[in-house]
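If you count by mature numbering (1 follows the signal peptide of the UniProt record, and there is no 0), then the sequence shown holds residues -22 to -1, 1 to 242, one letter each, in order. Backbone N, C-alpha and C define an ideal beta-carbon position, used for all residues, glycine too. To start, the structure under review is shown below, and the notes come after it.
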Amino acid sequence: MKHLMKLSLGLALACSLQLAQAQSAPKVVDLTSRPGVIQRMLVLTPAQVPKAAVILLAGGHGGLQISPDGKINWGKDNFLVRTRQLFVDQGFLVVLTDAPSDRLSPPFLRDFRETPEHVIDIKAAIAWVRSQTKTPVWLVGTSRGTQSAAYIATQLTPPDGPDGIALSSSILVDSEGASVLSMPLEKLQIPVLIVHHEQDGCRLCPFTLIPKLMNKLTDAPRKQLLSFTGGENIGNACNAAAHHGYNGLDNEVVGKMSDWMLNK
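And the structure:
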């Protein structure tokens, strides 16, 4: 019996080691997206064949300042930045994008998210992901990242554009550029997932405007609102430690987002 127990334990440890080896360490990928411009990405690969891919677009000014060794120097608490491994655990190939090399100082992505150059940069990221996997590619944005994801999706169609988008804590009131509500969302003919905290206290993201957002998605073949309550609410209402960033709800939010994007 002891021999069998040792054998079982050894097999379990071997399987765990194989899984750890199969899931490669995060790597930094630098793309030439425009002449003389580098779009840096941090790439995380699941242990198994990816079920889908997500390109994560952080909020705030978006300048994560990813170093060559993969260290993130800004925005570690951002909802999508801090949950990137949770998406990997759900089976996604995960790509976390930084500001491009010509926007690596203030104001970073501010006043840049709705520009042709930003579209070109993320188009290059999408093309790179498609070269790595034949699975669907999603753009996932949070807070100001929703301005990027929504705008890019209105400018590009697959395969140049994403196969679907997920918008969490959407910017619904005009500020520093176009709000998501002001964009031509009726053009979208891809699945759209809307994620929002009902108690989001950020003045740019009132939950009361979510029905208006959903109603604009007239041509989306599949759309869904995932709303959440509870968790922790700390500090500035527009920061990641507040309801705006789903503080305390990471596993629940990522789990439900993943299930919907994977059409479970």
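- Backbone CA spacing between Val32 and Gly179 [nearest angstrom]: Looking at the two C-alpha atoms, the distance is approximately 27 Å.
- Message: Quick check: what's the CA-CA separation for Lys54 versus Ala218?
- Response: When rounded, the distance between both Cα atoms is 10 Å.
- Item | Residues near Leu150 in its chain [Cβ-Cβ closer than 7 Å; skip 5 each side] | The answer, listed in chain order, is Ser157, Val158, Leu159, Leu182, Cys183, Pro184, Leu187 and Leu191.
- To the nearest angstrom, report how far apart Gln26 and Pro162 are at their CA atoms. Near 37 Å, if we compare the C-alpha coordinates of Pro162 and Gln26.
- Item | beta strand (DSSP E) segments (min. 3 residues) lying fully within the region 190 to 230 | Correct list: 201 to 206.
- Query: How long is the line joining the alpha carbons of His174 and Arg108, rounded to whole angstroms?
  - Reply: Near 29 Å, if we compare the C-alpha coordinates of Arg108 and His174.
- Message: Helix, strand or coil for Ser146? Go by DSSP, reduced to three states.
- Response: Strand.
- Task: Just the C-alpha distance for Leu(-4) and Pro28, rounded to the nearest angstrom, thanks.
- Result: For Leu(-4), the pLDDT reaches just 45, beneath the cut-off of 50, and the residue's location in the model is therefore unreliable, although a value from the coordinates is still provided. Annotation: Leu(-4) to Pro28 spans about 14 Å, alpha carbon to alpha carbon.
- Query: Considering only residues of the same chain and omitting the five flanking positions on each side of Val231, which have a CB-CB separation below 7 Å?
  - Reply: Hits under 7 Å: Val173, Phe206 and Tyr224.
- Determine the contact status of Gln167 and Pro199, defining contact as a CB-CB distance below 8 Å. In this structure, Gln167 places its C-beta atom within 8 Å of the C-beta atom of Pro199.
- Item | CB contact flag (Ile143, Val170, <8 Å) | Their beta carbons are under 8 Å apart, which means Ile143 touches Val170 by this criterion.
- Identify, in the order they occur along the chain, each residue of the same chain with its Cβ nearer than 7 Å to the Cβ of Thr111, setting aside the five sequence neighbours on each side. In chain order, Pro28, Ala31 and Leu71 place their CB closer than 7 Å to the CB of Thr111, counting only its own chain and leaving out the 5 sequence neighbours on each side.
- Query: Got a sec, what are the start and stop residues for the alpha helix (DSSP H) Gln133 sits in?
  - Reply: It spans Gly123 to Gln133 - the alpha helix (DSSP H) in which Gln133 sits, taken as one unbroken run.
- Query: Can you name, in chain order, every residue of its own chain whose Cβ lies under 7 Å from the Cβ of Gly37, other than the five neighbours on each side?
  - Reply: Asn56, Thr120, Ser121, Arg122 and Gly123.
- Using the C-alpha atoms, what's the distance from Met19 back to Asp8? The alpha-carbon separation between Asp8 and Met19 amounts to approximately 6 Å.
- Task: Just tell me which of Pro46, Gly41, Gln202 and Ser11 has its CA closest to the CA of residue 250.
- Result: Residue 250 is absent from the structure shown; the chain starts at -22 and stops at 242.
- Message: Within a Cβ cutoff of 8 Å, which residues of the same chain sit near Tyr129, ignoring the five residues on either side of it in sequence?
- Response: The residues are Arg91, Glu92, His96, Val97, Ala156 and Met161.
- Query: When you compare only the Cα positions, how much space is there between Asp138 and Arg12?
  - Reply: Approximately 15 Å, taken between the alpha carbons.
- Item | Cα-Cα separation between Leu35 and Ser126, rounded to whole angstroms | Straight-line Cα distance between these residues: approximately 7 Å.
- Pull up the distance between the alpha-carbon of Gln133 and that of Ser83, whole angstroms please. Roughly 26 Å between the two C-alpha positions.
- Item | Whole-angstrom distance between His221 and Asn214, CA atom to CA atom | Approximately 10 Å, taken between the alpha carbons.
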